[in-house]
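Participant:
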Ligand code: NAD
Ligand code: DAU
């Protein structure tokens with residue numbers, strides 16, 4: 001039995017990872033530490049509440065006494081998802097991104113080092129590499145060139161993780177994944193925003209000309225990649241994660257509207273995002289070759305599964321729309 005401390009487990013990827021991990025490793029004890037910001041949704045893990053081997057702790061990764069208290073119990077692995085994750089919000093106000101993503105991560109690293117955690121998986125992003133033109137892929141040796149306050153904060157946290165390995169020999173690993181989609185994603189991000197708005201016949205905002213490219217990965221494939229990294233990843237290494245599913249934003253929107261049998265008249269081209277990165281695309285050869293990771297979902301299969309989930313969970317969407325999802329009574 002291992003004790004896993006997962007940060008940000010009420011968010012999109014963290015909650016999907018929690019479900020994934022409890023299914024694959026029911027013997028492990030998982031502590032879900034989450035601050036319940038606007039992005040933390042207790043509905044995402046409601047089925048796990050009260051189950052053996054699961055504990056929710058309401059708190060901040062930057063709260064060192066709390067982190068020390070949790071680590072003192074004997075944590076084997078930290079999987080660090082918690083972050084401010086939305087690029088548009090970071091453009092509007094970068095400060096919270098520095099506090100959580102940079103300072104919070106450094107404090108978490110320090111507690112984990114002090115308490116001799118055996119492995120620390122830092123979940124980072126392909127956005128730290130900046131943007132690509134029409135050719136080429138990001139590899140693990142692509143120089144970091146973050147363009148948004150969000151990606152600058154993630155790149156800074158990556159540098160601290162690197163420094164903890166280089167300076168103290170702390171067993172940390174970094175993953176850099178492309179855009180995820182799937183169940184339980186907060187509808188501020190492109191795919192859940194389109195699905196939930198299209199279901200209600202509301203307009204679909206596309207930034208600029210819709211020709212920006214993202215490399216989409218179904219969230220379960222990201223979870224299986226992190227599982228490989230926990231089990232076999234080499235300390236000090238970086239692993240890129242991506243499924244070779246490049247699509248323009250316009251293609252993504254059109255495929256969702258087609259699947260939902262909605263008119264493309266819903267599309268509305270709006271003002272572009274400031275500093276909008278043109279193209280992301282991942283070379284995942286290293287994790288495939290060294291850790292034997294193979295993604296399972298094509299974009300077509302993943303998007304069908306995702307749309308089905310949103311159609312089958314209208315109450316999840318309604319509780320976000322009316323704000324009742326974030327009532328903190330009864331948790332913590
Ligand atoms: P999310 O915004 O859905 O969830 C973030 C979670 O972290 C929320 O539950 C929130 O309450 C919690 N949190 C925020 N600040 C906290 C703090 N100070 N202390 C404790 N908990 C805090 O994010 P996501 O999309 O699930 O992303 C998870 C991680 O994966 C992030 O680190 C992100 O940078 C990275 N990532 C995301 C994607 C993507 O496409 N979504 C792709 C690659 C990497
Ligand atoms: O690449 C990984 C990153 O993917 C993660 O690190 C981030 O946490 C995650 O939010 C995501 O960042 P993006 O900025 O790529 O995701 P977002 O869903 O915000 O936007 C995807 C694309 O769609 C981007 O080119 C902007 C565009 N867009 C987005 C929204 C919300 C629109 O055209 N209209 C919109 O309303």
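In full-length UniProt numbering, the protein residues as written are 1 to 332.
Here a beta-carbon is modelled for each residue, glycine too, at the ideal position from N, C-alpha and C.
1. Would you mind working out which of 56, 180 and 248 sits nearest residue 208, comparing C-alpha positions?
2. For the alpha helix (DSSP H) holding residue 92, just list the boundary residues, first then last.
3. Look up residue 337 in the DSSP assignment and give the residues it is bridged to.
4. Where do the ends of the alpha helix (DSSP H) carrying residue 209 lie?
5. Enumerated in chain order, which unbroken segments of the alpha helix (DSSP H) with a length of 4 residues or greater are wholly contained in the region 41-96?
6. DSSP state of residue 32, grouped into three classes?
7. With distances taken between CB atoms, is the gap from residue 59 to residue 66 smaller than 9 Å?
8. Please find out if some non-hydrogen atom of the ligand DAU comes closer than 8 Å to the beta-carbon of residue 113.
9. Does the separation of the CB atoms of residue 61 and residue 80 fall below 9 Å?
10. If you draw a straight line from the alpha carbon of residue 187 to that of residue 326, how long is it in whole angstroms?
11. Please check the pair residue 175 and residue 230, which I expect to be a contact at CB under 8 Å, by giving their CB distance rounded to whole angstroms.
12. Return the CA-CA distance between residue 10 and residue 309, expressed in angstroms with no decimal places.
13. Determine the closest residue to residue 115 out of 278, 158 and 171, with distance taken between C-alpha atoms.
14. Is the beta carbon of residue 303 less than 9 Å from the beta carbon of residue 267?
15. Please confirm if the region 21-36 is in contact with the region 290-305, defined as three or more CB-CB distances below 8 Å between the two stretches.
16. Going by the DSSP bridge assignment, what does residue 247 pair with across the sheet?
17. Tell me, which residues are paired with residue 38 by DSSP?
18. Residues in the same chain with beta-carbon distance under 6 Å from residue 138, minus the five sequence neighbours each way, listed in chain order, please.
19. How many angstroms separate the CA atom of residue 332 from the CA atom of residue 17?
20. Specify, as a first and last residue, the run of the alpha helix (DSSP H) that residue 156 falls within.
21. Which word fits residue 104, buried or exposed, when buried means at least 16 other C-beta atoms lie within 10 angstroms of its C-beta?
22. Can residue 217 and residue 253 be called in contact, C-beta distance under 9 Å?
23. Any heavy atom of the ligand NAD closer than 8 Å to the beta-carbon of residue 33?
24. Can you have a look at residue 100 and say buried or exposed, based on whether 16 or more other CB atoms are within 10 angstroms of its CB?
25. For residue 277, collect the residues of the same chain with a Cβ closer than 6 Å to its Cβ; drop the 5 residues on either side in sequence, then sort them by chain order.
26. Return yes when the C-beta of residue 138 is under 8 Å from any heavy atom of the ligand NAD, and no when it is not.
27. Could you compute how far the alpha carbon of residue 36 sits from the alpha carbon of residue 8?
28. Between residue 124 and residue 193, what straight-line distance do the alpha-carbon atoms span, to the nearest angstrom?
Facilitator: Taking the geometry as given:
1. 248
2. Boundaries of the alpha helix (DSSP H) harbouring residue 92: 87-92, taken from the DSSP string.
3. The structure shown has nothing for residue 337, since the chain only spans 1 to 332.
4. Taken as a continuous stretch (DSSP letters only), residue 209 belongs to no alpha helix (DSSP H), as it is neither H nor E.
5. 64-72 and 87-92
6. Reduced to three states, the DSSP call for residue 32 is strand.
7. Annotated as proximal: residue 59 and residue 66, with beta-carbon spacing under 9 Å.
8. no
9. yes
10. 14 Å
11. Not quite, the Cβ-Cβ distance comes to about 10 Å (not below 8 Å), so this is no contact.
12. Looking at the two C-alpha atoms, the distance is approximately 17 Å.
13. Of the listed residues, the one whose Cα sits closest to residue 115 is 171.
14. no
15. no
16. 214
17. Looking at the DSSP assignment, residue 38 forms no beta bridge with any residue, so it has no partner.
18. Excluding sequence positions up to five before and after residue 138, its CB lies within less than 6 Å of the CB of 126, 129 and 282, all in the same chain and listed in chain order.
19. For residue 332, the predicted structure reports a pLDDT of 39, less than 50, and the residue's modelled location is therefore unreliable. The matter cannot be settled from this model.
20. 149-168
21. buried
22. no
23. yes
24. buried
25. 131 and 147
26. no
27. 8 Å
28. 23 Å
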